[in-house]
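Chains as they are written, first to last, in the working numbering: chain A, 1255 to 1462; chain B, 1255 to 1462.
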DNA sequence: TTGTTTTCTGAACAGTGTTCAGTATGTTTG
DNA sequence: CAAACATACTGAACACTGTTCAGAAAACAA
């Protein structure tokens, strides 16, 4: 009786249909301007149907947030094959920023919007955990290579992630109005590069 | 003819009445759950009346965002009288984080939400400019005191602000799920303190 | 073909931001 | 003082939103 398996498959296809349409609309029009009714129209179903496959809008957003993480992890993959640990670290920072600039809506969903996070609350955030794990691994490599002084990997990774995230969050939410439009890109790059230098100098072992 | 002046004053009082009620409701119930109608009910006016004093909801949010900056600048005032420049810098960082934790709604409005920012767009963001100026001044003092190597004040200030902002933004938007609840506070503090040390070591003049 | 289960939908509910004609109030002028 | 004007306010409506649910339609089982 493969019939229940086919049903399961059809169910998954329907979820995909909804998610693909939703993502397309979100990327086209931004989040504020896309409603359940819009998505339903796009796939030619009734709005009520969507609620047969997603508990509510937040669950739909959370599914897209997961998709965003899959894309991000895929984007990061090539970096992990670089040789020098510190180059890896810098490349990851740049990739993070680039991901945010090129996929602002996804990034928003992944790291800024509250909505998709409301459903899990105190529960473990596996997507974030996985991505953070990547960073921790590279930090560990930097320590193993003697580039960073040995100390809590978690704390160092946290500091680095926060710093990179800060730039991107402020940029995406248009909080860089104090820097003239024309200089902005330059200042951002300079600040990133300064951060890398500062890390290198500030975290290196004392006897180096 | 002080009559038009009185009208002007009454107009300002009405704006205050709306803003005070709005802020109270926002702090009580969060942003998502407060509507123009709620605010109108609270001050016992019709919803339409609010539109005589604010162009739309975004303008109201922007006014509250300004109020948030006034509070923040006031909170920062005592710090500016500290003696050692680097102590000032650290105190500012801590004050920024503390402000965010103690006034999450205001902070949201000031630095995260897109809504209040939509109205000015490319225009100058005077509130942010002013606050950023405070930071730039302290960074300059650190350079003058020989604690930091001389370089672009703007870039250094940018780097520091971004880093501190990163922590708070991730924390407020519940993106620290990979750190167990119990350790979180500890890790955050450790990361902040590590950042201060890293700055000190990474930005000090070469010959020191 | 009948009965049962699953999948879907129209219509409604309670809410949102916003507009506007019309009323009520306050101010100025003849 | 009364008429004319200006300002302040509101009820009702518009076009939306997320969400629910009784009942129609389709798919499956006997």
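Cβ coordinates follow ideal geometry from the N, Cα and C atoms, glycine included.
In this text, all values refer to a predicted model and were calculated from it rather than measured experimentally.
- DSSP three-state call for residue 1300(A): helix, strand or coil? Note: residue 1300(A) maps to coil in three-state DSSP.
- Item | Rounded C-alpha distance that separates residue 1373(A) from residue 1379(A) | Our two residues, residue 1373(A) and residue 1379(A), have alpha carbons roughly 11 angstroms apart in a direct line.
- Task: Please name the residue, chosen from 1432(B), 1430(B), 1383(B), that lies closest to residue 1412(B) on a Cα-to-Cα basis.
- Result: Residue 1412(B) has its Cα closest to that of 1383(B), out of 1432(B), 1430(B), 1383(B).
- Once you ignore the five residues that flank residue 1449(B) on each side, which residues in its own chain have a CB closer than 7 angstroms to its CB? Taking C-beta separations shorter than 7 angstroms and ignoring five residues to either side along the sequence, the partners of residue 1449(B) in its chain run 1417, following chain order.
- Message: At the 7 angstroms Cβ level, is residue 1416(A) part of the contact set with chain B, yes or no?
- Response: It does; some Cβ of chain B falls within 7 angstroms.
- Among residues of its own chain, excluding the 5 on either side of residue 1404(A), which ones have a beta-carbon nearer than 7 angstroms to its beta-carbon? Excluding positions up to five away in sequence, the list reads 1397.
- Task: Starting from the beta carbon of residue 1401(B), find every residue of chain A whose beta carbon is closer than 9 angstroms, and list them in chain order.
- Result: What residue 1401(B) touches in chain A: nothing, since even the nearest Cβ is about 13 angstroms away.
- Which term fits residue 1451(B), buried or exposed, when burial requires 16 or more other beta carbons within 10 angstroms of its beta carbon? It counts as exposed.
- Message: Applying the 10 Å Cβ sphere with the 16-neighbour rule, what's the burial state of residue 1325(B)?
- Response: Counting C-beta atoms within 10 angstroms of its own C-beta, residue 1325(B) has fewer than 16 neighbours from the protein chains shown and is therefore classed as exposed.
- Query: CB-CB under 8 angstroms to residue 1407(B), same chain, minus the five flanking residues each way: which ones, in chain order?
  - Reply: When the five nearest sequence neighbours on each side are left out, the beta carbons in the same chain lying within less than 8 angstroms of the beta carbon of residue 1407(B) are those of 1390, 1393, 1394, 1397, in order along the chain.
- Measure the CB-CB distance between residue 1276(B) and residue 1293(B) and report whether it falls below 7 angstroms. The beta carbons of residue 1276(B) and residue 1293(B) sit closer together than 7 angstroms.
- Message: Considering Cα atoms alone, identify which of 1360(B), 1343(B), 1267(B), 1366(B) is closest to residue 1399(B).
- Response: From the listed residues 1360(B), 1343(B), 1267(B), 1366(B), the smallest Cα separation to residue 1399(B) is found for 1343(B).
- Assign residue 1434(B) to one of three DSSP states: helix, strand, or coil. Coil at residue 1434(B), not helix or strand.
- Message: Counting only Cβ-Cβ distances shorter than 7 angstroms, please list the residues of the segment 1362 to 1379 of chain B near chain A, keeping chain order.
- Response: Taken in chain order, the members of the segment 1362 to 1379 of chain B whose beta-carbon sits within less than 7 angstroms of a beta-carbon on chain A are 1365, 1366, 1368, 1371, 1376, 1378, 1379.
- Applying the criterion that 16 or more other CB atoms from any shown protein chain within 10 Å of the CB defines a buried residue, is residue 1440(B) buried or exposed? With a 10 Å radius around the Cβ and a threshold of 16 neighbouring Cβ atoms, residue 1440(B) comes out exposed.
- Is residue 1393(B) helix, strand or coil when you go by DSSP? If DSSP states are grouped into helix, strand and coil, residue 1393(B) belongs with the helices.
- Check each candidate in 1300(B), 1431(B), 1426(B), 1350(B) and name the one with the smallest Cα separation from residue 1386(B). Restricting attention to 1300(B), 1431(B), 1426(B), 1350(B), the CA atom closest to the CA of residue 1386(B) is found in 1350(B).
- Item | Helix, strand or coil at residue 1415(A) according to DSSP, with G and I counted as helix | Here residue 1415(A) sits in helix by DSSP.
- Does DSSP put residue 1440(B) in a helix, a strand or coil? The answer is helix: DSSP assigns residue 1440(B) an H, G or I state.
- Query: Exposed or buried, which one is residue 1401(B) when buried takes at least 16 other CB atoms within 10 Å?
  - Reply: Classification for residue 1401(B): buried.
- So what's residue 1401(B) in DSSP terms, helix, strand or just coil? Residue state, collapsed to three classes: coil.
- Query: Which residues of chain B have a Cβ atom closer than 8 angstroms to the Cβ of residue 1408(A), listed in chain order?
  - Reply: 1433, 1441, listed in chain order.
- Would residue 1331(A) be called buried (16 or more neighbouring beta carbons within 10 Å of its own) or exposed? Per the 10 Å Cβ criterion, exposed.
- Answer with buried or exposed for residue 1335(B), where buried requires no fewer than 16 other C-beta atoms within 10 angstroms of its C-beta. Burial call: exposed.
- Let me know if residue 1422(B) comes out buried or exposed under the rule of 16 or more other beta-carbons within 10 Å of its beta-carbon. Buried is the call here.
- Task: Determine the closest residue to residue 1409(A) out of 1414(B), 1420(B), 1431(B), 1443(B), with distance taken between C-alpha atoms.
- Result: That would be 1443(B), whose Cα lies nearest to the Cα of residue 1409(A).
- In this structure, does DSSP put residue 1336(A) in helix, strand or coil? Note: residue 1336(A) maps to coil in three-state DSSP.
- Query: Which value, in whole angstroms, describes the spacing of the CA atoms of residue 1318(B) and residue 1364(B)?
  - Reply: Straight-line Cα distance between these residues: approximately 9 angstroms.
- Proximity test, Cβ basis, 7 angstroms: residue 1383(B) and chain A: So yes, residue 1383(B) belongs to the interface.
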